[in-house]
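Data first, discussion second: the structure below is written as structure tokens.
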Amino acid sequence: FRSSFCHLPLCFLLFLLTPVSFLCAEPMVQKHLESLQSSCGNGLETGALQRLTNLLLVEGLTDIQQKEHDILQVETTKGLPSTSKSIPLEKLFLPLSKLSIPPRISVTVGVAGIGKSTLVKLFVCSWAKGEISRDILFVLPLTFKELNTHEKLSAEHLLSSACPHVPAGAARTLLILDGLDEFKTPLDFSNAAVCTDPKKEIQVDNLITNIIRGNLLQEASVWVTARPAAAGQIPSGLVDRMTEIRGFGAAEMKDFLDHMFLDNRDLSSQVLQHIRANRSLHVLCTIPGFCRIAGSSIAYFLKHSNDQSQEAPVVPRTLSEIYSYYFKMALSGDWLEKPREALRIEQAVNTSKKLVGSLGRLAFYGLLRRKHVFYEQDMKAHGIDLSLLHSCLCTRLLLKEDMPASTAYYFSHLSIQEFLAALYYYTAAKRAIFDLFVESGVSWPKLGFLSHFRNAAQRALQAEDGELDVFMRFLSGLLSPPVNRLLSGWLLLQDEQEGWRSQAVDALQGCLQAEHAVSWRAVNAMRCLQELQHTDTAQAVEEALRSGTLAGMLTPINCSALAYLLQVSDVCLEEVNLSSCLTYNVCKRLLSQLLFCHSLRLDNNQFKDDVMELLGSVLSGKDCQIQRLSLAENQISNKGAKALARSLLVNRSLMTPLSSQGKQTPEQVATAPGPAVGASWPHSVSHSLQHNSIKEDGAAFLAEALLTNHRLLTLHLQSNSISSAGVTALTTALCSNRGLLSLNLRENSISREGGPAIARALRSNSTLRKLDLAANLLCDDGGQAIASAIGENRALTSLHLQWNFIQAKTATALAQALQSNSSLVSLDLQENTIGDEGMAALSAALKVNTTLADLHLQVASVGAAGAQALAEALMVNKSLQVLDLRGNSLGPAGAKAVANALKVNRSLRWLNLQENALGMDGAICIATALKGNHGLTYVNLQGNLIGHSGARMIADTIRSNAPDCVVDV
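Under mature numbering (1 follows the signal peptide of the UniProt record, and there is no 0), the residues of the sequence shown are numbered -25 to -1, 1 to 944, in order.
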């Protein structure tokens, strides 16, 4: 047999790789190539296909991809790719490195409507033109639509029928199997009989499993495309390479809509503006197939929004409203790209109702049987008149593909089948007396619409794979007043839903009362309520989330509402703050939904180690998208730290900060890593464990994780008790770790014994940028060890040694290091008694150093002599921008020295001389010095015993001399 793929023969021989004599002997090969090349441009616009030239390289399917509906996958991941790794289309079948081999089995996955078949067509056309994969001699593109027409086939017959030029066992052959999700028989690799005879005819599903296993056509490469759930049928051990088609980025969505409305760019801009204003809609429009439907519907709404002869149209916000507009266009023939057909509404209704009903029955029972491709016998079995399928209505809803053996029919998008199925069920439920889910019609009686609605809700709730989720949303949406107004007179009776709506709400809410964990089916039930225009529950929870009053509110139904809001609410867009409102049981109930939050704050929830066990299991999963996790002010000890560390060992792709701070400072927020707009959200974690009870054993567990996880960026463990033993374990890991950028060990009882361990890490580590050791007990011994390492380190940019009982010896050692160090930008030595001796040493270093920009010396026992040394350094230093000398004893003499330096210095921007006993004379010196200084933008002279009148005079003087400088007096 021959494939109807692209309406061209199955196999094409690349003439550049084949002897000329062979080509001359086979003129049909040249004809095939010419035919293929001439058709390559048909329907393949370059702009629309640019997205397909780079595929995402993935390591396997996530749980949600294998178990959930395509729409839910996109909604949950917010349309963002799960990986940043990509592979160009031209390298799809090449080795990834010089040491690897080409993949034999490649699988490309993508949700419905993402462009899998378009990708195959693009590849085949590019290959036939000699643009890519020139090492492949034969390409055989097959679709599972056509394989469905055969009961038995042999491997030899498959090849010879496809292309007579393919010799048995030919190498450099690529077999493309497009659309596994459309195959009529699930692949069963466990029970499939082994076949190694290429001449033996066997069941087609067994043929496919034996080809993939390598029992047949061992020399051929195989490329399978499928929706994610269908791809899960193939054991991961048999797949050499898995790729994924990404959805639209922002620019691609705009280009796509511009192409849809080529003659009306203003309309394109309005449609895009409407899509962007609706977060849920915007996410779904990353799928090209859905974007086309939504774009058409919104454009239709905009076209009729100013029509005074009609009732003001409903702004389409929900899925049901979008598809109702689309079907109204289909029924009336009122498409934007052509004039409206001259057909009275009554005539359109009469000619379309029966056809829609028949198509709806086909769609509904096809959905139950997981069947998405239909043939002539299926159409006739459901009473569909094939002669009517050429109408405008059908060409928009149902696509036809002629093949040599038969004709295949399939809905233009999976969601079209689901909407038609819901329309059929809605209509049939009003008069049916038996369970509509039983196709034979034999069941216990079910009378009345509401009985059937409850049955559908229960079946959707019990479905493990979400196959009925979108169907149920549409069924609920048909009960909403806006949808009824749109379709009344066409497919619905006006206001007929009023008698059922409130009871349908009760039925859906009844599905949410269970005490067990919030499932995806429960979240879908909340989406059904939104489609039904019942928003009270979600709005109440959203307001509590916004105001921080969720404590005590999280009943089972409110937990489902919260899980729904995690996906759609703007309140949760930047950060999900669930502090002071969760218990162990509520956290357990929400756990499966929390792992898709990018930034999650769970502070002050009295969590103990048992919650850490739960969270650890979440962080270990492939689906986890948490980037920042704050667990400050809980009751987490070593056991909890171990659970979190274990997740880092298992999931080595975690790459954002592991933090112990409760609230980030503005500096930390500004420097915190995050994905760029349009980038993927990598698996990443930031733990905030402030004021917990983690000791040396917990630190050792985290250190073990750092030995293997090289993508964690920040580790904050502030205000715990890891001690010197804990810091020794962590710094030992740092000797080999090449990913950590920031380490916060503030207030952790680290004594002088921890200094040498930290020093060893600083000598060997070349990635750490920030080290915070404030409020520990390092003393001069520990400080000097660290200082000596700073002289050798070339990576650290920020060092905090505040309040560590450091004195002049450490300051002198740091000064020596600064004379050779060229990376340190910020040094904090506040609340250490370095005295004038230490200040003099640091000042000498500042005359040489050209990189230090921030120097913090608050309460450092610096007097007039130290100020004089510092002033001499400021006269020559050109890098220092921030100088904090608050709480020292500079006095008038020190102020005068600093003032003289300010007349010369042009780099200093921020100066704090608060509480330095400057007196009136010293303050005047500083104020008058600013007349010639054009760099200083802030100066603090508070607490210097100059009185109210003196303060006013000083402030006036500074404003006069330096109007751009802010002064606190």
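C-beta: ideal position from N, C-alpha, C; glycine also.
- Under the three-state reduction of DSSP, M378 is assigned to coil, being neither helix nor strand.
- Residue state for V199 is assigned as strand, using DSSP reduced to three classes.
- Remark: fewer than three beta-carbon pairs, one from each stretch, lie closer than 8 Å, so the stretch 462 to 469 and the stretch 509 to 526 are not flagged as touching.
- S696 is positioned such that its CB atom lies closer than 8 Å to that of N723.
- Taking V480 as reference, the option from L306, A500, L462 and N181 with the minimal CA-CA separation is A500.
- DSSP places L883 in the coil class of the three-state scheme, outside both helix and strand.
- Boundaries of the beta strand (DSSP E) harbouring M217: R216 to E219, taken from the DSSP string.
- Proximity to S726 across R735, L715 and V702 peaks at V702, based on C-alpha coordinates.
- Bounds of the alpha helix (DSSP H) holding V543 are P531 to V543.
- In summary, N123 is buried, with 16 or more beta-carbon neighbours lying within 10 Å of its beta-carbon over all protein chains present.
- In this structure the stretch 816 to 832 lies against the stretch 847 to 854, because at least three pairs of beta carbons, one per stretch, are closer than 8 Å.
- The stretch 195 to 211 and the stretch 228 to 238 do not touch, with fewer than three beta-carbon pairs separated by less than 8 Å.
- In the structure shown, the three-state DSSP call for Q178 is strand.
- K405 counts as exposed, since fewer than 16 other C-beta atoms from the protein chains shown sit within 10 angstroms of its C-beta.
- Inter-residue distance for L799 and A898 is about 32 Å (C-alpha atoms, whole angstroms).
- Beta-carbon to beta-carbon, R721 and A749 are separated by about 5 Å, close enough to satisfy the 8 Å threshold.
- Boundaries of the alpha helix (DSSP H) around I46: D45 to T52.
- S612 sits away from G523, with the two beta carbons spaced by 8 Å or more.
- If the five residues before and after Q178 are omitted, its C-beta is found closer than 8 Å to the C-beta atoms of E126, K127 and T160, all from its own chain and listed in chain order.
- In this structure the stretch 94 to 112 does not lie against the stretch 164 to 173, because fewer than three pairs of beta carbons, one per stretch, are closer than 8 Å.
- Taking C-beta atoms under 8 Å as the contact rule, A680 and A620 qualify, at a distance of about 4 Å.
- Within the same chain, Cβ atoms closer than 6 Å to the Cβ of N852 are found at L821, the five residues on either side in sequence being excluded.
- The alpha carbon of R476 has as its nearest neighbour, out of L487, Q508, R496 and M447, the alpha carbon of Q508.
- Per DSSP, N936 is one residue of the alpha helix (DSSP H) stretching across G922 to N936.
- When C-beta atoms of the stretch 858 to 875 are compared with those of the stretch 834 to 842, three or more pairs fall below 8 Å, so the two segments count as touching.
- When beta bridges are read from the DSSP output, V84 appears opposite A201 and E219.
- Annotation for Y384: F349, L373 and K375 place their beta carbon closer than 6 Å to its own, counting only its chain and skipping 5 residues before and after.
- Residue environment for E414: exposed (fewer than 16 other C-beta atoms within 10 angstroms of its C-beta).
- Excluding its 5 nearest sequence neighbours in each direction, G907 has C-beta neighbours in its own chain below 7 Å: K878, listed in chain order.
- In the DSSP secondary-structure assignment, F386 is bridged to L373.
- One Cα belongs to P116, the other to W198, and the distance between them is close to 9 Å.
- A residue is called buried when at least 16 other Cβ atoms come within 10 angstroms of its Cβ; E50 meets this threshold and is buried.
- The Cβ-Cβ distance between I359 and S381 does not fall below 8 Å.
- Under the three-state reduction of DSSP output, R621 falls in the helix class.
- Distances from the CA of F571 to each of L557, V543, S554 and D585 were compared; the closest alpha carbon is that of V543.
- K127 sits in a strand when the DSSP states are folded into three classes.
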